[in-house]
Amino acid sequence: MAKAIIMPKFGFTQEESTIVAWLKNEGDVVEKGDPIAEVTTDKIDMEVEAPADGILGGIRRQAGETVPVTEVIAYILAEGEEPPPPEETPAETPVADSSPSAAPAPPAAADATPVARRVAEAEGVDLAAVAGSGPGGKITRQDVESHVAGRVLAPSDEGNGRVRATPAARRVARERGIDLAAVEGTGPRGRVQEADALAAVERAAPSVVPTPAPVPAGEVEVIPLEGMRKTIADRMQQSYQQAPHITLTRDIDMTNAVAFRRYANDRLPEGAPRISMTALIVKAAAWALREYPIMNAHLIDDAIYLMPNVNVGVAVALDGGLIVPVVHDADRRGLREVGAAVADLAARAREARLRPGDLDGGTFTVSNLGMLGIDHFTAILNPPEVGILAVGRTTDRFVPGERGEPVAKPIMTVTLAVDHRAVDGALGAHFLAALCDAIEEPASIIL
Amino acid sequence: MPETAAATQVQTGTTTRELTYTEALREALRQAMEADERVFLMGEDVGTYGGAFGVSAGLIDQFGPERVRDTPISEAAIAGACLGAALTGMRPVGEIQFMDFVTLSMEQLVLQAAKVRFMFGGKAQAPFVLRMPGGAGTGAAAQHSESLESWFVHVPGLKVVMPSNAYDAKGLLLAAIDDDNPVIFIEHKLLYKTKAHVPEEMYRVPLSRTAVAREGSDLTVIATSLHVQRALEAADTLAEEGIELEVVDPRTLKPLDEGPIVESVKKTGKALIVHEAPITGGYGAELAARIAASEAFDYLDAPIRRLAGLDIPIPYNRMLEYNTVPQVENIVEEARKLVEGAY
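As you go down the protein sequences, you meet chains H and E in turn.
0 is the number of the first residue of the first sequence in numbering that gives the first Met the number 0; add one for each residue after it.
0 is the number of the first residue of the second sequence in numbering that gives the first Met the number 0; add one for each residue after it.
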């Protein structure tokens, strides 16, 4: 569309300028900002610049003519475009009665005050939709503002993803952990009020569950769930929620195991790592896992994977965490080697020197809290494994002897947890019996 | 605990009578002058005539023209003489007949009095009080009805006090006379004839202590001067509908004790600010900003609203004048809308 070039106004009191010379000719290609004409006022000589890129055309005033400011003196045209006829002067404010046919008839004009029209324009309100309350039904500013206040927001207005909520409602959401986007607001224009947020809290938490008191500020040290803590939290929650645990408990007569361990350690060379009870249990577990392949498995999605190698993980407590390094091929390695591996992994775990391979490939886990004085406990499965053995301490307890007399024997209580999706109770019991037999008769596991 | 005027009254009021605001102010002046001979009065017609609103009536008979001094018709002179006397160790109380004419004192107050302590590194002080009645409602038109407190609130070095009842008027005036800083003491013409129980003894209402004038749970109305009374009337009306307003009176606008205001808004979750001065740039803007920036923000369940004078000079026509500043029915309507969730 043709872009009008008007006579510019350079000064407050200037009313006209005289064109001194055209610097470009009709048909010249010009760029925005190019000087195209030289003009003079009574005070100053100035250049008129092209207001756009295009072709200069339709020059209406010649050098020497004096022209009122804002009057069109020429046009910038597109390629092949004709300048508009002189009576159409885009730069002039169109006056309704000067060109009755030029503009489409305005929509049936609602009767409104000037300020109401201005507000309506600013707010994008169609006055036809506003009821007037002024004299003779004239639409007042207040009518428009009321209309704006009551207007239901179009979905696009909500498209920015922001929720309209009062600060109090936001505080409730923050403190009580609800999503305001899901709360229906009853305030003006659907704003979420504090009462709406509280009602949502009420719905989210059945009234039998006491709502946690807000954490008092400044008194509580906050430890974010991140790093190892986050991993533990995620995996244990997943396991506890997804894997139906069965727990099976047995007491083990440790008389032979204690003696065997002492016998073995007495014969180890000076400086060689001692064989811990954990190592003995790992070795026994590996032996039993070889006997019961279903226990040496991973459960992933809808399948049970029987694992070719017996890799027994040993839970090691750390400051603020827990890690499970793995003794690979525990079934194929000798007790002394397994003992050395357990000692090495535990030491490196505490020194944070484990290598990635040390943590991979576990097929079963042993968690021993006996050294901390725990009699027995249940452990949570370490997914995707299907079994974990929780080991308590060994203490002397009276058990019936051959004639029913009380006999003090070292007894250790172990609890096997299995994933019921993969392993049933009876099978778990058989596996646990084999494991206990192996510990009670350690000679069997070195066969 | 926010201090309530009533509670203070019980603690201190041994010999209480009903006094008007005017009488309470006069009693404060008399007691201060009896107790301390450095205290004296200056102003246009404060002597035999007793002041434009009669506050100092009779004091010239007791204290004589040396201590109750009529001045020329020059507000600049009144403020300047107060400052000069204060600098030499006196504790003057000046009176401006109508707050509107304090505009003529501005150079003395703003450029000199407010700054003297700062510019002399604390070695000089200007302990004086300048009393002045503000406010519309008497048909006194545009040049005798202004509420200009925001002008002074904006000036570091000045304290600004606006008592809303006779009890506070006496206690705050005595505290203001005790204060070592220039204090702009703004009375309201329509309060002069209001009555309250006022103890006879020389009690003080400490400066910068916001009062809770009425406790309520649904909406905090923070009002100043006359509009505390109008807010209390509105609260009575709304209580009949089951809407409980908490009315908070800052009493000292500067330095402001904002704690009770914040606590109140935290309790009610909604705030309406009412004052007579024009809304634009008025003290309500300061209050609203303080609330929005405070811990009360997280408790707001509606926009902070202001009800204040229109941005026009006070008209002479009584009907127009009436509708230029907030009235009780305006407070009732606005408070009801806020409580009912219209905003």
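We put the CB at the ideal spot given by N, CA and C, even for glycine.
Contacts that residue 170 of chain H makes with chain E (C-beta to C-beta distance below 8 Å): 297 and 298
Rounded straight-line distance, which links the Cα of residue 16 of chain H to that of residue 10 of chain H: 11 Å
Beta-carbon proximity of residue 145 of chain E to residue 99 of chain E, cut-off 7 Å: yes
Residue 206 of chain E (DSSP reduced to helix, strand or coil): coil
Distance between residue 6 of chain H and residue 286 of chain E (C-alpha atoms, nearest Å): 52 Å
Short CB-CB distance (under 7 Å) between residue 141 of chain H and chain E: no
Which of helix, strand or coil DSSP assigns to residue 262 of chain H: helix
Exposure of residue 24 of chain H, with buried meaning 16 or more beta-carbon neighbours within 10 Å: exposed
Whether residue 246 of chain H touches residue 416 of chain H by CB criterion (7 Å): yes
Any C-beta of chain E under 7 Å from that of residue 196 of chain H: no
Rounded C-alpha distance that separates residue 312 of chain H from residue 267 of chain H: 24 Å
Listed by chain order, chain E residues near residue 199 of chain H by CB distance under 8 Å: Within 8 Å Cβ-Cβ: nothing; residue 199 of chain H doesn't reach chain E, min ~15 Å.
Option in E:323, E:320 and E:306 with minimal Cα separation from residue 331 of chain E: E:306
Alpha helix (DSSP H) runs wholly inside the segment 19-79 of chain H, at least 4 long, in chain order: none
Contact list for residue 241 of chain H against chain E, beta-carbon separation under 8 Å: The premise fails here: residue 241 of chain H is roughly 38 Å from chain E at the closest Cβ pair, so nothing lies under 8 Å.
Residues within the segment 178-196 of chain H neighbouring chain E, beta-carbon criterion of under 7 Å: 186, 187, 192 and 193
Supposed close pair residue 211 of chain E, residue 152 of chain E - CB separation, criterion 8 Å: The pair is not a contact, with the Cβ atoms about 21 Å apart (cut-off 8 Å).
Terminal residues of the alpha helix (DSSP H) in which residue 230 of chain H lies: 227-241
Among H:197, H:249, H:384 and H:406, nearest to residue 432 of chain H - alpha-carbon criterion: H:249
Proximity below 7 Å, CB of residue 78 of chain E to CB of residue 104 of chain E: yes
Stretch pair the segment 112-129 of chain E + the segment 235-251 of chain E: three plus CB contacts closer than 8 Å: no
Test: residue 164 of chain H CB closer than 7 Å to a CB of chain E: no
Spatial distance of residue 161 of chain E from residue 228 of chain H (CA atoms): 59 Å
Start-to-end residues for the beta strand (DSSP E) that takes in residue 307 of chain E: 304-308
Reference residue 293 of chain H; option with closest CA among H:343, H:170 and H:309: H:309
Cβ distance (whole Å) where residue 202 of chain E is taken to contact residue 170 of chain E below 8 Å: 5 Å
Minimum Cβ-Cβ distance from residue 215 of chain E to chain H less than 7 Å: no
is_contact[residue 322 of chain E, chain H] using C-beta, thresh 7 Å: no
Spatially closest choice to residue 328 of chain E from E:230, E:221 and E:137, by CA coordinates: E:230
Reduced DSSP category for residue 224 of chain E - H, G, I as helix; E, B as strand; rest coil: coil
Candidates H:119, H:135 and H:134, of which the one nearest residue 128 of chain H by Cα: H:119
Three-way DSSP call (helix, strand, coil) for residue 308 of chain H in this model: coil
Boundaries of the alpha helix (DSSP H) in which residue 222 of chain H is found, first to last residue: Taken as a continuous stretch (DSSP letters only), residue 222 of chain H belongs to no alpha helix (DSSP H), as it is neither H nor E.
Extent of the continuous alpha helix (DSSP H) to which residue 25 of chain E belongs: 20-34
Local Cβ density within 10 Å of residue 443 of chain H, reported as buried at 16 or more and exposed below that: exposed
Contact set between residue 301 of chain E and chain H, taken where Cβ atoms lie within less than 7 Å: 165
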